[in-house]
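If you count the sequence shown from 1, you need to add 1112 to reach my numbering.
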Amino acid sequence: MLFRTASRGDFVFSADRLIRLVVEEGLNQLPYTECTVTTPTGYKYEGVKFEKGNCGVSIMRSGEAMEQGLRDCCRSIRIGKILIQSDEETQRAKVYYAKFPPDIYRRKVLLMYPILSLTGVGWRHVVVLASSASLLPSATKPQASRQAVPSSCTAQGAPVWAGTGNTVIEAVKVLLEHGVQPSVIILLSLFSTPHGAKSIIQEFPEITILTTEVHPVAPTHFGQKYFGTD
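As structure tokens, this is what we get:
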């Protein structure tokens, strides 16, 4: 996905695989209850099922790329949307549109935004599912792990400067305004810069962030490439 010459077909294929990994792990973070079902042969089987009260929220436009992966796992899940754009002069994020299920304040929220490329200071822990190397045939199944975000990172000897640092933070603020508690928000992303993860966790330390990789270089062109508008 980071290859400059990667075709759109290969890019979308790889992105969809990573999205599925992140979504599956996000679902693993949701509460569940035990249940008993009867198999076709008449035997009783004890398993688990998700508790009611979950929903997804995508940050338009790139976050919409993750909606299908979520629906593939949860066909009837409700999905809200937030449209945030940066002001051309001040570079501050501005909310233009937000639509959620009316009872979102009672729900666990899977917030979807594929690239976390933000500025910030301080550090916490982020759940890293896998790296893009897991797409190689020889790679073993990725395991979720806690990875400490370094206090500073550079690429090719130069300081790393990431985006505005406002989009995801503003989206979370909108959710808080609608009564959602930070502790029930699970942020699903594909790639994150160290500063991106640090900024969000410092602002909202109770949020859970799931990503496949924390690295100074992130494909910030994701939305354009995925939707074919590059």
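In this text, a Cβ means the ideal position worked out from N, Cα and C, and glycines have one as well. Please read these numbers as outputs of a predicted model, since none were measured by experiment.
Reduced DSSP secondary structure (H/G/I, E/B, other) of residue i
i, result
"Glu1158", "strand"
"Tyr1303", "Contrary to the premise, residue 1303 reads as Phe rather than Tyr in this sequence. If DSSP states are grouped into helix, strand and coil, Phe1303 belongs with the strands."
"Gln1293", "coil"
"Glu1325", "strand"
"Leu1133", "helix"
"Gly1232", "Caution is warranted here: a pLDDT of 38 is assigned to Gly1232, below 50, making its placement in the model unreliable, and the coordinate value is therefore given only provisionally. Three-state DSSP puts Gly1232 in coil, outside helix and strand."
"Val1315", "A quick correction: the sequence has Glu, not Val, at residue 1315. Looking at Glu1315 - three-state DSSP - the assignment turns out to be helix."
"Ser1343", "Nothing can be reported for residue 1343, as the shown portion of the chain is limited to 1113 through 1342."
"Tyr1144", "strand"
"Leu1222", "strand"
"Gly1138", "helix"
"Lys1253", "Bear in mind that the predicted position of Lys1253 carries a pLDDT of just 41, short of 50, making it unreliable; the figure below should be weighed with that in mind. Note: Lys1253 maps to coil in three-state DSSP."
"Gly1165", "coil"
"Thr1153", "coil"
"Thr1279", "helix"
"Pro1214", "coil"
Test item: CB-CB of residue i and residue j under 8 Å
i, j, result
"Ile1189", "Leu1182", "yes"
"Ile1312", "Val1280", "yes"
"Ile1227", "Ser1301", "yes"
"Glu1163", "Thr1145", "yes"
"Pro1213", "Arg1204", "no"
"Phe1316", "Val1284", "yes"
"Gly1138", "Ile1298", "yes"
"Lys1337", "Arg1120", "yes"
"Ile1216", "Cys1147", "no"
"Leu1133", "Thr1324", "yes"
"Thr1332", "Ser1229", "yes"
"Val1296", "Val1221", "yes"
"Ala1210", "Ala1177", "no"
Any non-hydrogen atom of the ligand FMN within 7 Å of residue i CB
i, result
"Gly1291", "The model on display carries no ligand, and the ligand FMN is accordingly not part of it."
Distance between beta carbons of residue j and residue i, contact taken as under 8 Å
i, j, result
"Gly1335", "Ser1170", "Contact flag wrong, Cβ pair sits at about 12 Å."
"Ala1309", "Ile1321", "6 Å"
"Met1224", "Glu1282", "In fact, because the Cβ distance is near 15 Å, the residues do not count as touching under 8 Å."
"Val1135", "Cys1185", "6 Å"
"Pro1294", "Pro1328", "Wrong, their Cβ atoms sit about 26 Å apart, outside the cutoff."
"Lys1156", "Met1172", "Incorrect: roughly 45 Å between the Cβ atoms, too far for contact."
- prompt: What residue ranges within the region 1173-1212 form continuous beta strand (DSSP E) runs of no fewer than 3 residues, ordered along the chain?
  reply: 1190-1198 and 1205-1211
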